[in-house]
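K.L.:
Mind looking over this structure? Questions follow.
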Amino acid sequence: MSTLEDALPVIRSSAPSAEPDSRSLPARQDADPFGAMVAVLLARQVGPAAVVAIVDGLRDAGLLDPVHLDLAAAPEIQDALAGRVRSFSLRTIGPAKQLAHWIAEHYNGRADELVRSDRSTDDIRTELAAIRGIGPAGADAILVSSLHRPAYAVDRGTYRILVRHGWLDTAADYEEVRDLLVHHAGGDPALLVGLAAGMDALATRYCRASAPRCDACPLRPFLLDGGPVEVGEE
Ligand code: SF4
1 MSTLEDALPV IRSSAPSAEP DSRSLPARQD ADPFGAMVAV LLARQVGPAA
51 VVAIVDGLRD AGLLDPVHLD LAAAPEIQDA LAGRVRSFSL RTIGPAKQLA
101 HWIAEHYNGR ADELVRSDRS TDDIRTELAA IRGIGPAGAD AILVSSLHRP
151 AYAVDRGTYR ILVRHGWLDT AADYEEVRDL LVHHAGGDPA LLVGLAAGMD
201 ALATRYCRAS APRCDACPLR PFLLDGGPVE VGEE
């Protein structure tokens, strides 16, 4: 039986390299930790072009700062983004605003406090996951893409691939899946981002919820003899 370890190079090489996708964009979007965190949260709701437009709009209006964004009223945010994003909803910026409030309140408005090596990843994850609109997967996305810490934002596509290949039991909970992937990537944030991008590409193109397209999939050589394992209800 092929192991996940055996398949990792193929999964990582399936990530698109030329075009930025919704996972790789945030890490490049902004060197400032808060800007990168906002970009990650936006990328969970809108496409790459809209992420860039919103982040640029906030920055140009002086709102890409935890204290300023926390204090900004709805009309100020709407003005900042007017004409930049089509059919923009304030709800899109909701999780970023909650994040800004949390940083302003608990870290004196300093997002760079979160990258300090003496701060525990588990503690930050717990605090982030408790913020309204972020949750466990949002927290892990921020940790790995913005704060460069070992984490994996588990999504349905990743789950399907792992289960269909017999690398994961369907009884596994979110934390077990994340820990499995972090372990296999040796805790390397860059490898984890590449792994997530590869999983996303494979799940979107081949390993769909409705029916897997194994015949054309690069992971076909890693299937069990009986073919894909049943995932169950999605
Ligand atoms: S499409 Fe088939 S071979 Fe590809 S990842 Fe899904 S189960 Fe595996």
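If you're matching positions, the sequence shown starts at 1 in this note's numbering and goes up one per residue.
Note that beta-carbon positions come from the ideal geometry of N, C-alpha and C, so glycine has one too.
(1) Quick check on the DSSP output: what are the complete alpha helix (DSSP H) runs of length 4 or more inside the stretch 35-114, in order along the chain?
(2) Output the distance between the C-alpha atoms of Q29 and A216, rounded to the nearest integer angstrom.
(3) If you draw a straight line from the alpha carbon of G186 to that of V67, how long is it in whole angstroms?
(4) Within 10 Å of its beta-carbon, does V51 have 16 or more other beta-carbons around it, so buried, or fewer, so exposed?
(5) Closest by CA to A201, which one among S17, G62 and T92?
(6) Between the alpha carbons of R84 and I124, how many angstroms are there, rounded?
(7) Grab me the residues of L184's own chain with a C-beta within less than 7 Å of its C-beta, minus the 5 sequence neighbours each way, in chain order.
(8) Considering only heavy atoms of the ligand SF4 and the C-beta of each residue, which residues fall inside 5 Å, strictly closer?
(9) Alpha carbons only, please: which of L168, A196 and R59 is nearest the one belonging to E230?
(10) Measuring straight from C-alpha to C-alpha, what distance separates R205 and Y159?
(11) Could you tell me whether the stretch 80-95 touches the stretch 53-67, where touching means 3 or more Cβ pairs closer than 8 Å?
(12) In angstroms with no decimal places, state the Cα-to-Cα distance between I11 and L69.
(13) List the DSSP bridge partners of P218.
(14) Can you have a look at T126 and say buried or exposed, based on whether 16 or more other CB atoms are within 10 angstroms of its CB?
(15) If you follow the alpha helix (DSSP H) that R178 is part of, which residue opens it and which one closes it?
P.N.:
Quick answer:
(1) 48-60, 66-71, 74-81 and 90-106
(2) The count along the sequence shown starts at 1 and reaches residue 29 at position 29. The count along the sequence shown starts at 1 and reaches residue 216 at position 216. Reliability of the predicted coordinates at Q29 is poor, the pLDDT of 48 falling under 50, and the value obtained from them is presented with this limitation in mind. In a straight line, the C-alpha of Q29 is about 33 Å away from that of A216.
(3) Position 186 of the sequence shown, counting from 1, holds the residue named residue 186. Position 67 of the sequence shown, counting from 1, holds the residue named residue 67. If you take the alpha carbons of G186 and V67, they lie about 36 Å apart.
(4) The count along the sequence shown starts at 1 and reaches residue 51 at position 51. Flag for V51 reads buried.
(5) On the sequence shown, position 201 is the one that residue 201 refers to. The shortest C-alpha separation from A201 is found at S17.
(6) For the purposes of this step, residue 84 is taken as the residue at position 84 of the sequence shown. For the purposes of this step, residue 124 is taken as the residue at position 124 of the sequence shown. Approximately 32 Å, taken between the alpha carbons.
(7) The residue given as residue 184 occupies position 184 in the sequence shown. Checking the sequence shown, residue 184 turns out to be His, not Leu. So the qualifying residues of the chain are L4, E5 and L8.
(8) I161, R164, Y206, C207, P212, C214, C217, L219, R220 and P228
(9) By one-based count along the sequence shown, residue 230 stands at place 230. Measuring from the Cα of E230, the nearest candidate turns out to be L168.
(10) Taking the first residue of the sequence shown as 1, we reach residue 205 at position 205. Taking the first residue of the sequence shown as 1, we reach residue 159 at position 159. Each residue's Cα considered, the two are about 15 Å apart.
(11) The stretch 80-95 is in contact with the stretch 53-67.
(12) Here residue 11 refers to the residue found at position 11 of the sequence shown. Here residue 69 refers to the residue found at position 69 of the sequence shown. Their backbone Cα atoms lie some 38 Å apart in a straight line.
(13) Along the sequence shown, read from residue 1 onward, the residue named residue 218 stands at position 218. Paired residues: none, contrary to the question.
(14) For this step, residue 126 is matched to residue 126 along the sequence shown. It is exposed - the Cβ of T126 has fewer than 16 other Cβ atoms within 10 Å.
(15) Residue 178 sits at position 178 when you count from the first residue of the sequence shown. Its alpha helix (DSSP H) spans residues Y174 to H184.
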